[in-house]
Structures are given as structure tokens and as C-alpha cells.
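*Asks:* Residue numbers (my numbering): 8 to 731.
One structure, pasted below without further comment.
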């Protein structure tokens with residue numbers, strides 16, 4: 008079997024080399040010999056109506072492209088002897104447990120030994136009791152929203168499955184969310200733009216079609232193909248054909264894993280990871296980052312990068328090579344013909360794999376996504392590998408008064424000022440080793456009254472996060488948190504941090520009592536140097552009202568509107584009467600931003616403060632055992648970036664005046680950006696920040712604080728531009 012496959016590959020390589028001499032931009036997809044493909048469509052769960060159409064499509068593709076299709080739902084076909092007769096095996100929308108242990112072993116041995124695997128759509132909803140299947144298919148299905156139109160981004164313009172596609176492709180299908188992001192272990196061919204539809208849950212980086220090497224074999228998967236109509240779509244049929252040809256070894260393709268993919272909100276990118284373009288395409292070069300460059304560049308070509316904002320960019324650096332004429336890179340804002348921010352010349356380097364670095368200063372006047380336009384003489388000019396935008400800090404060492412971190416001073420220990428465990432024992436746990444949280448604090452279970460220890464350290468961490476304000480959780484006059492407030496404010500003032508207030512739903516809270524609370528806090532702390540007042544909104548103080556919808560009549564707030572900004576927790580604008588602002592708090596909703604644009608537009612039109620809340624994730628399993636509330640995984644920082652991107656995208660987030668972060672230290676909800684221990688007590692199932700933004704060990708402990716500083720700076724740049 009392996010010798011036959013090698014012979015076909017050798018012929019295909021020879022054909023491709025011959026074609027390359029005739030036409031550099033064309034790759035042959037022809038196979039030298041006919042071959043056999045097995046299509047398996049057994050289901051033990053949901054059965055897709057599209058399966059017959061899929062079988063027919065594969066049969067037609069085979070008849071047109073020199074392979075023969077055998078379709079079956081008989082799992083006894085999975086024996087080593089039988090599979091040896093096929094060059095590829097397709098699992099077409101299989102569901103559930105469709106193979107027994109012996110048949111699973113036969114399939115794995117077949118692919119590991121040099122065979123080909125193709126998974127279509129619900130192939131990811133299969134064999135959950137077989138751990139090695141997840142590696143074979145790439146990722147398991149988790150959920151899906153309703154069938155709807157969405158936009159896909161083509162990440163590989165060379166692979167035979169996607170070479171025919173434009174930079175983006177809009178189509179209707181059932182869009183799967185996966186239990187894990189496979190990007191680190193597969194080569195992503197297409198990803199979903201989660202901003203183009205509702206229900207994406209992959210944190211903004213959403214692979215949907217991919218391939219990878221599997222021992223000596225090959226694996227290809229696409230999440231497309233739910234609908235019967237899909238299999239009549241010529242573009243989708245070409246995608247399936249390329250997947251089969253790659254898996255069968257009939258054509259060569261680069262499916263090496265670990266491509267970095269899009270960097271949501273990042274300041275660096277692989278140049279070939281463009282989201283729109285004219286004339287250019289990816290060029291394979293071993294020494295380049297991710298093994299490829301942006302190539303085939305001629306005079307007048309361009310590439311756009313929708314996730315890279317030029318706001319505040321003051322410099323551009325790129326790694327380049329040229330065995331051609333050389334030329335110029337123009338850095339533009341908003342479009343390929345948008346404002347020119349700067350340009351840099353690229354001289355010939357002596358070879359396409361001989362790289363050098365070029366750099367230039369930019370005028371910090373960008374107002375939109377990054378575009379690179381290329382100019383020069385005739386013929387190929389140069390290739391671009393990775394590039395970086397640099398920015399001057401907007402906050403100039405001071406925290407942003409427009410980024411607010413929800414802060415919880417309600418923790419206690421027997422040995423601290425509290426004199427007993429407070430909150431750490433939630434969910435029936437026994438501190439200090441077992442606490443009601445899925446993460447374990449770097450400081451361990453601390454006492455919020457330990458000012459010189461825990462609180463001073465908190466403020467030292469908040470300062471470099473770029474956030475200038477904490478929102479203090481306050482449970483009423485004379486309560487535990489009220490008694491600690493003055494000392495916490497002293498610690499905040501030592502770091503130049505200001506304090507706003509989160510008025511919680513204490514017993515007996517009414518609109519009138521909140522007005523009384525505001526007068527009380529103003530009287531008690533109003534002259535404190537850390538007491539927050541917003542200069543941009545009339546030097547008014549700020550009060551977030553948690554669960555404001557529990558009170559129907561807030562007309563009493565009219566008495567404090569001139570001196571205080573009181574924010575309702577809602578996006579229902581009909582519930583914002585008498586308030587001075589709106590926030591959301593919810594640590595999950597920011598991933599989809601429901602109602603944010605409408606709330607932001609309403610706030611702007613009515614002179615209110617709009618302060619949507621973003622969070623790095625929400626996992627409360629240990630704090631609330633058996634809770635059925637949805638959770639949001641951190642996905643190594645992708646969830647946090649997605650929510651920040653949503654907040655700062657005017658089309659999604661509605662132009663906020665403030666951004667509130669849920670939270671600095673709400674450990675029960677798993678939403679903390681406070682450093683979590685990289686070596687928590689063993690045996691309790693604690694998570695860590697390991698892998699967040701590519702960091703590991705102790706470096707990962709501050710990953711979310713570091714990323715907050717990045718986003719706070721981006722937000723300040725945006726606000727500066729809006730102010731002109």
C-alpha cells in the first residue's frame with residue numbers, strides 16, 4: 008500500500024514541477040493513477056439529511072477526477088486488510104459511537120501507516136469515547152447556533168482545497184463551535200469571522216477547515232457541509248476534492264502544524280495572513296516565519312489586515328527578501344488608497360530566502376485597519392515575512408481613568424483582621440488548600456484587611472495594568488467592606504489609582520437608600536485623593552448598581568444626577584430612565600456583545616456614559632457545584648481579546664466612554680486577572696494561566712494584567728482620536 012502511494016506522489020511531484028516551469032502561478036492537481044476512496048456515513052446520534060447528497064457528490068467528484076468511491080455504513084469494513092485497498096477514508100457526517108475498539112484500531116493503524124483521513128462536518132461529533140480520535144479529526148464538536156450566513160477567511164491560498172477561494176467567502180451553513188482550538192496542532196486552511204454571525208464561541212480565533220500530518224498519513228477536516236445545498240455548490244465541491252486529493256496522497260500540500268494564525272488585537276503579524284488583497288499570495292520559504300511569506304508582489308499590489316488597527320502607530324518594521332527588482336512598502340490606513348502613514352524602501356537582498364529588516368517611522372494619525380501597498384518597477388519586487396507596528400503609549404505611565412476594574416474586598420482568614428474564613432469556603436470547601444475557585448491566587452487565600460500584604464500588592468499589580476480605577480464592591484453602610492474602604496483607598500492612592508463604587512444588592516436596598524448611600528460615601532470619602540471623579544463628565548463621581556433591574560422605580564436618582572454618574576446594569580434602554588450611564592458586568596455576554604451597539608448608541612444620543620464590561624472568562628465549577636450556568640473558557644487569552652475587540656469595534660460595541668473589566672479578583676467566578684498561582688496545591692483540579700498569550704510558568708501569572716495594559720492603551724488611543 009505504502010509503495011503505491013509513494014509512486015503516485017512521485018508522479019504528482021513530477022507533474023507539478025513540470026507545470027511550474029511552464030507557468031509559475033499554476034499548480035497541477037492531477038493524480039497519475041486511479042485510486043479508491045471509502046465513504047463511511049454511519050450515524051449513532053443525529054442523522055443529517057444531507058448525507059445522500061454528500062455521497063452523490065463524492066461519487067461525481069470521483070468519476071471526474073480518477074478515483075472510485077465505495078459508500079458504506081457497515082463498520083465491518085474497518086479491518087486492516089480491507090482498508091489497505093483505499094487511499095483515503097471519508098467520514099461523512101458520522102455521529103456518535105460508530106466503531107468498536109477493533110475497528111478504531113484498524114482506522115488508526117491505517118492512517119498512521121500512510122493512509123488518508125477526511126472528516127466532513129459531523130465527523131467532529133463522533134467517537135467521544137476514543138481519545139485518539141480527537142487527534143485524528145483535530146477537534147471535537149461542542150455546540151452550534153442556528154443555520155445562518157457567515158463569512159469565512161481563507162488562510163491558505165495554496166492548498167488544493169482552498170486555492171480557488173477568494174480572501175473571504177460568505178455562505179450559509181451550520182457553524183460548529185469546537186471543544187478546543189486545534190490551531191496549535193493542525194494547519195488551518197479556513198477560519199470563521201465570528202463578527203459576521205451570531206453564536207460563535209471560539210474567542211475570535213475560529214478554525215473551520217484544516218489539515219495535518221498524522222504519523223505517516225494525512226488528515227483533512229472541514230466543518231462545512233450541514234445542508235443538502237452545500238453539496239451542489241461548485242466551490243464547496245472543489246474544497247472537498249482538494250481535501251480528498253491531499254489525504255489520498257494524489258497531490259502534495261503543506262499541512263505542517265502550529266501556524267500562528269491571526270493575532271486578535273496584536274501588533275505583529277505574518278504578512279501572508281492578510282484578510283484582503285490584490286495581486287499577492289502566499290509563497291513557501293523554509294527560513295521564513297511559519298514557513299511562508301507574502302509573495303508574488305508586483306507594482307500596485309496590496310494587502311489588508313483587518314485585525315491590525317493603525318491607531319497610534321508610530322513605527323513599522325518588517326522582515327523582507329528580494330531576488331527581484333526591489334521597491335517600496337507604503338503603510339496606509341483604512342484602505343489601499345487611504346492616508347499614507349509612512350513608507351520604506353526594500354532593496355534586493357540577493358535571494359528570496361535571504362532576509363533583512365527594514366523600518367520606518369509613521370505619522371500617528373491612523374484611524375482604521377492597516378493596509379500595505381507595494382510600488383516599484385516591472386516584475387516581481389520583493390517578499391514580506393513578519394512585520395510589527397510600534398506605538399507610543401497613550402497613557403504615558405499613568406493608568407487610564409476610563410478603564411475600571413471591579414474589585415472585591417470581601418475575603419477573610421482566621422489569622423487576619425477578619426478572624427474567620429470569608430468567601431474562600433464557598434461551595435463547601437475547606438481553605439487554605441481547598442477554596443471555592445477554579446484558580447488559586449498567587450497570594451493564596453488572603454484577607455482583604457491585610458493592607459500591607461494583600462491590598463498593597465494588589466494596587467502594585469493594578470498600576471502597570473493600565474487601568475486607573477478600581478470599582479469597589481460595597482455592601483452598605485457599616486458593613487465589612489465599608490469598614491475597610493478607607494484603608495483600601497489609602498493603598499490605592501499610594502499607587503495613583505482612583506476608586507469608584509459598586510453598590511451591591513444589600514438587604515433592604517431601594518432607590519432612596521442608594522441616594523442616601525451616595526451622600527454617605529461623598530461625606531465620608533469625597534475628599535480622599537483616591538475618590539474617583541470623571542473630569543470628562545463634569546467631575547462627577549461614579550456608582551455602578553449591580554442588579555439594578557430588581558428595583559422598578561429609580562426616579563429618586565434625579566436628586567444626584569448633577570454630582571454623580573449612576574450606572575444601571577442592563578442593555579435594555581427602557582430600564583435606564585433616571586440613570587447617568589449603563590454597564591453590563593456579565594463575564595460571558597461580552598463574547599457576543601448582545602445589545603451593545605444599541606445601548607452605546609442610546610447612551611450617546613441621551614448624554615449617558617456607556618461602560619460595557621469585558622472579562623477573560625467565566626468558570627465557577629468549584630464555587631457553585633452542579634451549577635448549570637454556562638461558562639466561558641479563557642482559551643489562552645483569546646476570550647479576553649474577543650471581548651475587548653467587541654467593546655472597541657464601533658459596529659459591535661457602540662463607542663464606550665469607559666470599559667469596565669470583570670474582574671480584578673472575583674475568584675469564585677473564575678474571572679480574575681489578578682495573578683493566579685502557576686503551582687497551586689495539587690489534587691484539587693485548579694487551573695492556571697499557563698499558555699495565556701504564549702507565556703508559561705511564573706511569566707504566565709501576570710499575563711492578563713499585561714494584556715489589560717495593551718488594551719487600555721488601545722482604548723486611550725481611540726478616545727484621543729475621537730476627541731480630535
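Glycine residues also receive a C-beta, built at the ideal position from the N, C-alpha and C atoms.
Roughly how many angstroms separate the alpha carbons of residue 62 and residue 78, rounded to a whole number?
*Replies:* Here the question's residue 62 lines up with position 55 in the chain shown. Here the question's residue 78 lines up with position 71 in the chain shown. If I take the Cα positions, the gap works out to 7 Å.
*Asks:* Can you tell me which of 440, 85 and 163 puts its alpha carbon nearest to the alpha carbon of residue 691?
*Replies:* Locating residue 691 in the chain shown gives position 684, counting from the first residue. Considering only alpha carbons, the answer is 440.
*Asks:* Kindly indicate which residue of 286, 308, 280 and 318 has the alpha-carbon position closest to the one of residue 300.
*Replies:* As a position in the chain shown, residue 300 is number 293, starting the count at 1. With distances taken between Cα atoms, residue 300 lies closest to 280.
*Asks:* Put residue 694 into one of helix, strand or coil per three-state DSSP.
*Replies:* Residue mapping note: residue 694 aligns to position 687 of the chain shown, counting from 1. Strand at residue 694.
*Asks:* Taking the beta carbon of residue 266 as the centre, do at least 16 other beta carbons fall within 10 Å, making it buried, or is it exposed?
*Replies:* Taking the first residue of the chain shown as position 1, residue 266 is located at position 259. The predicted model places residue 266 with a pLDDT of 49, which falls under 50 and marks its position as unreliable; any figure quoted below should be read in that light. The residue is buried, with at least 16 neighbouring Cβ atoms inside 10 Å.
*Asks:* Measure the C-alpha to C-alpha separation of residue 617 and residue 216 and round it to an integer number of angstroms.
*Replies:* Position 610 of the chain shown holds residue 617. Position 209 of the chain shown holds residue 216. Those two C-alpha atoms are separated by around 38 Å.
*Asks:* Whole angstroms are fine: how far does the CA of residue 724 sit from the CA of residue 730?
*Replies:* The sequence position of residue 730 within the chain shown is 723, counting from 1. The sequence position of residue 724 within the chain shown is 717, counting from 1. Each residue's Cα considered, the two are about 10 Å apart.
*Asks:* Exposed or buried, what is residue 13 when buried is set at 16 or more other beta-carbons lying within 10 Å of its beta-carbon?
*Replies:* The residue you call residue 13 lines up with position 6 of the chain shown. Summary for residue 13: the model assigns pLDDT 36, below 50, so the residue's position carries little reliability, and this model does not support an answer.
*Asks:* Would you mind reading off the limits of the alpha helix (DSSP H) that contains residue 527?
*Replies:* Locating residue 527 in the chain shown gives position 520, counting from the first residue. Residue 527 -> alpha helix (DSSP H) spans 518-532.
*Asks:* Ends of the beta strand (DSSP E) at residue 363?
*Replies:* Sequence index remark: in the chain shown, residue 363 carries index 356 (1-based). Residue 363 -> beta strand (DSSP E) spans 358-368.
*Asks:* Report the rounded CA-to-CA distance for residue 602 versus residue 578, giving the unit in angstroms.
*Replies:* Position 595 of the chain shown, counted from the start, is the residue given in the question as residue 602. Position 571 of the chain shown, counted from the start, is the residue given in the question as residue 578. Straight-line Cα distance between these residues: approximately 6 Å.
*Asks:* Short of 7 Å in beta carbon distance, which residues of its chain neighbour residue 296, apart from the five on each side in sequence? Order them along the chain.
*Replies:* Here residue 296 refers to the residue found at position 289 when the chain shown is read from its first residue. Closer than 7 Å at the Cβ level, and outside the excluded window around residue 296, lie 277, 392 and 393.
*Asks:* Take residue 674 as the anchor and find which of 199, 630 and 648 has the nearest alpha-carbon.
*Replies:* Position 667 of the chain shown holds residue 674. Minimum Cα distance to residue 674 is reached at 630.
*Asks:* Where does residue 282 land, buried or exposed, given buried means 16+ other C-beta within 10 angstroms?
*Replies:* As a first step, residue 282 is located in the chain shown; it is residue number 275 there, counting from the start. Residue 282 comes out buried.
*Asks:* Under the three-state reduction of DSSP, which class applies to residue 428: helix, strand or coil?
*Replies:* As a working note, residue 428 is residue 421 in the chain shown. Three-state DSSP puts residue 428 in coil, outside helix and strand.
*Asks:* Specify, as a first and last residue, the run of the beta strand (DSSP E) that residue 353 falls within.
*Replies:* Along the chain shown, read from residue 1 onward, the residue named residue 353 stands at position 346. From DSSP, the beta strand (DSSP E) with residue 353 extends over 347-353.
*Asks:* Helix, strand or coil, according to DSSP, for residue 272 in the structure here?
*Replies:* The count along the chain shown starts at 1 and reaches residue 272 at position 265. Note on residue 272: pLDDT 42, under 50, position unreliable in the model; the coordinate value appears next. Residue 272 falls in the coil class under three-state DSSP.
*Asks:* How would you call residue 201, buried or exposed, if buried means at least 16 neighbouring beta carbons within 10 angstroms?
*Replies:* Stepping through the chain shown from its first residue, residue 201 is reached at position 194. Its Cβ being crowded by 16 or more others within 10 Å, residue 201 is buried.
*Asks:* Among 211, 163, 254 and 174, whose alpha-carbon lies nearest the alpha-carbon of residue 195?
*Replies:* For the purposes of this step, residue 195 is identified with residue 188 of the chain shown, where counting begins at 1. Nearest of 211, 163, 254 and 174 to residue 195, Cα basis: 163.
*Asks:* Tell me the DSSP secondary structure of residue 241 in three-state form.
*Replies:* Position 234 of the chain shown holds residue 241. In this structure, residue 241 counts as helix in the three-state DSSP scheme.
*Asks:* Using the Cα positions of residue 450 and residue 462, report the straight-line distance between them to the nearest angstrom.
*Replies:* Translated into the one-based positions of the chain shown, residue 450 becomes position 443. Translated into the one-based positions of the chain shown, residue 462 becomes position 455. The straight-line gap from Cα to Cα measures roughly 10 Å.
*Asks:* Can you give me the C-alpha to C-alpha distance between residue 204 and residue 286, rounded to a whole angstrom?
*Replies:* Your numbering for residue 204 matches position 197 in the chain shown. Your numbering for residue 286 matches position 279 in the chain shown. C-alpha separation (whole angstroms): 28 Å.
*Asks:* Expressed to the nearest angstrom, what Euclidean distance is found between the alpha-carbon atoms of residue 627 and residue 474?
*Replies:* Here residue 627 corresponds to residue number 620 of the chain shown, with the count starting at 1. Here residue 474 corresponds to residue number 467 of the chain shown, with the count starting at 1. Their Cα atoms are separated by approximately 25 Å.
*Asks:* Which ranges does the alpha helix (DSSP H) cover as unbroken runs of at least 4 residues, wholly within the segment 65-102, from first to last along the chain?
*Replies:* Listed in chain order, they are 87-90.
*Asks:* CA-CA distance, residue 324 and residue 262?
*Replies:* Taking the chain shown and counting its residues from 1, one reaches residue 324 at position 317. Taking the chain shown and counting its residues from 1, one reaches residue 262 at position 255. Computed Cα separation, rounded: 28 Å.
*Asks:* Just reading off the alpha helix (DSSP H) that residue 111 is part of, what are its end residues?
*Replies:* Working through the chain shown from its first residue, we reach residue 111 at position 104. Residues 108-119.
*Asks:* Rounded to the nearest angstrom, how far is the Cβ of residue 542 from that of residue 505, given a contact under 8 Å?
*Replies:* To locate residue 542, count along the chain shown from 1; it is residue 535. To locate residue 505, count along the chain shown from 1; it is residue 498. Their Cβ separation, rounded to whole angstroms, is 11 Å, which puts residue 542 and residue 505 out of contact at 8 Å.
*Asks:* Return the CA-CA distance between residue 49 and residue 167, expressed in angstroms with no decimal places.
*Replies:* For this step, residue 49 is matched to residue 42 along the chain shown. For this step, residue 167 is matched to residue 160 along the chain shown. Taking the straight line joining both Cα atoms gives about 27 Å.
*Asks:* Hey, how far is the Cα of residue 228 from the Cα of residue 359?
*Replies:* By one-based count along the chain shown, residue 228 stands at place 221. By one-based count along the chain shown, residue 359 stands at place 352. Looking at the two C-alpha atoms, the distance is approximately 32 Å.
*Asks:* Ignoring anything shorter than 3 residues, give me the beta strand (DSSP E) runs that lie fully in the segment 136-180, in order along the chain.
*Replies:* Runs found: 148-150, 155-161 and 175-180.
*Asks:* Compute the Euclidean distance between the alpha carbons of residue 293 and residue 362, then round it to the nearest angstrom.
*Replies:* Locating residue 293 in the chain shown gives position 286, counting from the first residue. Locating residue 362 in the chain shown gives position 355, counting from the first residue. Going by the C-alpha atoms only, they are around 12 Å apart.
*Asks:* Taking 8 Å as the cut-off, does the segment 340-349 touch the segment 376-396 (at least 3 CB pairs, one atom from each stretch)?
*Replies:* Touching, yes.
*Asks:* According to DSSP, which residues form a beta bridge with residue 507?
*Replies:* Against the chain shown, residue 507 aligns to sequence position 500. Bridge partners of residue 507: 478.
*Asks:* What is the rounded straight-line gap between the Cα of residue 57 and the Cα of residue 238?
*Replies:* Locating residue 57 in the chain shown gives position 50, where the first residue counts as 1. Locating residue 238 in the chain shown gives position 231, where the first residue counts as 1. Straight-line Cα distance between these residues: approximately 8 Å.
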